Amino acid sequence: MNRGTRQVVLVTGGAGYIGAHTAKALYERGHQPVVYDNLSSGFREAVRWGPFVHGDIRDRARLTDAIDAHGVTAVIHFAGLIEVGRSVARPDLFWDVNVGGTAGVLEAMRARNVPRLVFSSSAAVYGQSGRDALAPIREADPKAPSSPYGDTKLAGERLIEAHCRAFGLSAVALRYFNAAGADPSGGIGEAHEPETHLIPLAIAAGLGAGSPLTLFGDDFDTPDGTCLRDYIHVCDLAAAHVAALEAPLPAGGFEAVNVGTGHGRSVREVIQAVDRALGRPTPHAVGPRRAGDPPSLVADPSRARSVLGWTATRPSLEEIVGDAVRWERHPAYGAGPRAFRAPRVADAAE
Ligand code: UDP
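In terms of my numbering, the sequence shown opens at residue 9 and continues consecutively.
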């Protein structure tokens with residue numbers, strides 16, 4: 009797949025946070041995104057850069073119809089369930105949607121000879137065991153997911169890799185670290201329901217639109233006692249998908265690549281960045297640790313550079329938090345299309 013060749017890209021989950029930013033990046037690069045989403049957690053208002061197909065990834069006939077109708081030449085597969093806590097309560101749903109759904113996408117691609125896949129994976133595939141707790145994570149580090157969510161992402165990767173070997177597909181799995189921020193031109197951004205992520209919760213607390221933030225533990229073995237994470241601007245993450253789509257991989261090739269900045273930021277540093285962005289202190293209190301939170305999750309992003317030619321261009325926490333604040337103040341967030349804050353649909357509809 010050469011740079012410059014226009015692709016028609018089926019973007020499953022393209023109505024969600026990272027999917028919508030990637031659809032915009034594809035469009036701006038001259039590709040054609042076709043969003044395929046069941047709107048169980050995404051938003052119709054976030055589909056702006058190409059056609060929309062309302063469908064579930066477990067509906068293989070609908071997937072092949074969408075591929076045929078739009079002349080799809082590649083797939084970026086975001087659609088899936090993401091809440092780690094919920095995966096513990098409902099592993100059945102996570103395996104069905106994240107692994108069964110990925111099998112459906114692969115089968116539809118094989119049926120229609122679509123040769124290239126980019127898959128949303130996660131740093132959750134690594135877990136905590138078998139590595140130096142504070143060292144940057146490399147792709148070859150041990151895989152020991154600590155949740156059913158991480159299990160399903162690792163299983164999805166392995167299914168895809170086996171499919172590449174057996175059927176000549178080429179694929180890149182992108183292992184995301186902490187996606188954050190929003191497109192600075194506004195109008196799309198993070199809107200999870202329920203929201204569990206640090207940056208939007210800290211901003212909501214700072215704006216008085218949410219409860220005071222609970223800081224989950226300040227007694228970790230880290231420089232300031234709070235957890236270190238690798239926050240990656242969502243526009244950088246979107247660019248990594250375009251790079252993965254265009255990467256020169258052989259037929260049958262499979263790559264799993266970390267997508268992060270390589271810089272660890274503590275929870276306290278994030279709170280201070282929100283303080284500065286809002287010009288006031290963020291109400292917060294230290295609480296107990298959250299179950300399963302490792303002290304540090306920071307990428308070694310060198311393979312993303314060598315395999316994809318990609319590096320983060322917006323690693324500054326100031327920029328990430330500033331863009332997130334601009335989004336939370338945007339009329340599309342909450343006040344405009346209310347769907348951006350709509351409650352999620354019942355499990356049965358997923
Ligand atoms: N965190 C926190 N309070 C919150 C939410 C998150 O202290 O209300 C901490 C969490 O313990 C972790 C970091 O912020 O150290 C990032 O958490 P988030 O849920 O945003 O992402 P995760 O790293 O779990 O994918």
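Built from N, CA and C at the ideal position, the CB exists for glycine as well.
Since the structure is predicted, the reported quantities are computational estimates derived from the model, not experimental observations.
* **Alpha-carbon spacing of His384 relative to Arg68, whole angstroms** => This structure gives no information on residue 384, because the portion of the chain shown stretches from 9 to 358.
* Same chain, Cβ closer than 7 Å to Thr160, five either side skipped, listed in chain order -> The sequence position of residue 160 within the sequence shown is 152, counting from 1. Within the same chain, Thr160 has close Cβ partners Phe102, Trp103, Asn106, Val107.
* In angstroms, rounded to a whole number, what distance separates the CA positions of Gly260 and Arg173? -> Here residue 260 corresponds to residue number 252 of the sequence shown, with the count starting at 1. Here residue 173 corresponds to residue number 165 of the sequence shown, with the count starting at 1. Taking the straight line from one Cα to the other gives about 5 Å.
* Cutoff 7 Å; reference Phe228; Cβ partners in own chain excluding five residues on either side -> Locating residue 228 in the sequence shown gives position 220, where the first residue counts as 1. Only Thr234, Cys235, Pro303 meet the Cβ criterion.
* To do: From the DSSP output, in three-state form, read off Asp229 for me.
  => What you label residue 229 is simply residue 221 of the sequence shown in a count that begins at 1. Reduced to three states, the DSSP call for Asp229 is coil.
* Nearest-angstrom Cα distance between Thr390 and Thr81? -> Residue numbering for the chain in the displayed model covers 9 to 358; residue 390 lies beyond these limits and cannot be assessed.
* Asked: Comparing the CB of His205 with every heavy atom of the ligand UDP, is any distance shorter than 7 Å?
  -> Taking the sequence shown and counting its residues from 1, the one referred to as residue 205 is at position 197. Checking every heavy atom of the ligand UDP against the Cβ of His205, one is found closer than 7 Å.
* Asked: Where does Arg146 fall in DSSP's three states?
  -> For the purposes of this step, residue 146 is taken as the residue at position 138 of the sequence shown. Reduced to three states, the DSSP call for Arg146 is coil.
* **Residue from Ser193, Ser130, Arg284, Gly295 whose Cα sits closest to the Cα of Ala163** => By 1-based counting over the sequence shown, the position of residue 163 is 155. For the residues Ser193, Ser130, Arg284, Gly295, the minimum Cα distance to Ala163 belongs to Ser130.
* Report whether the distance from the Cβ of Val16 to the nearest heavy atom of the ligand NAP is below 7 Å. => The ligand NAP is not part of the structure shown, which contains the ligand UDP as its ligands.
* Asked: What does a CB cutoff of less than 7 Å around Pro144 pick up in its chain, not counting 5 residues either side in sequence?
  -> On the sequence shown, residue 144 is found 136 positions in, with the first residue counted as 1. Around Pro144: Gly270, Val306, Ala307, Asp308.
* Closest to Asn266 by CA distance: which of Val278, Ser314, Ser95, Gln40 is it? -> Stepping through the sequence shown from its first residue, residue 266 is reached at position 258. The option with the nearest alpha carbon to Asn266 is Ser314.
* **Distance between beta carbons of Leu18 and Val92, contact taken as under 8 Å** => The count along the sequence shown starts at 1 and reaches residue 92 at position 84. The count along the sequence shown starts at 1 and reaches residue 18 at position 10. Not quite, the Cβ-Cβ distance comes to about 27 Å (not below 8 Å), so this is no contact.
* Under the criterion of a Cβ to heavy atom distance below 7 Å, does Val275 qualify as lining the ligand UDP? -> Locating residue 275 in the sequence shown gives position 267, counting from the first residue. Answer for Val275: yes, Cβ within range of the ligand UDP.
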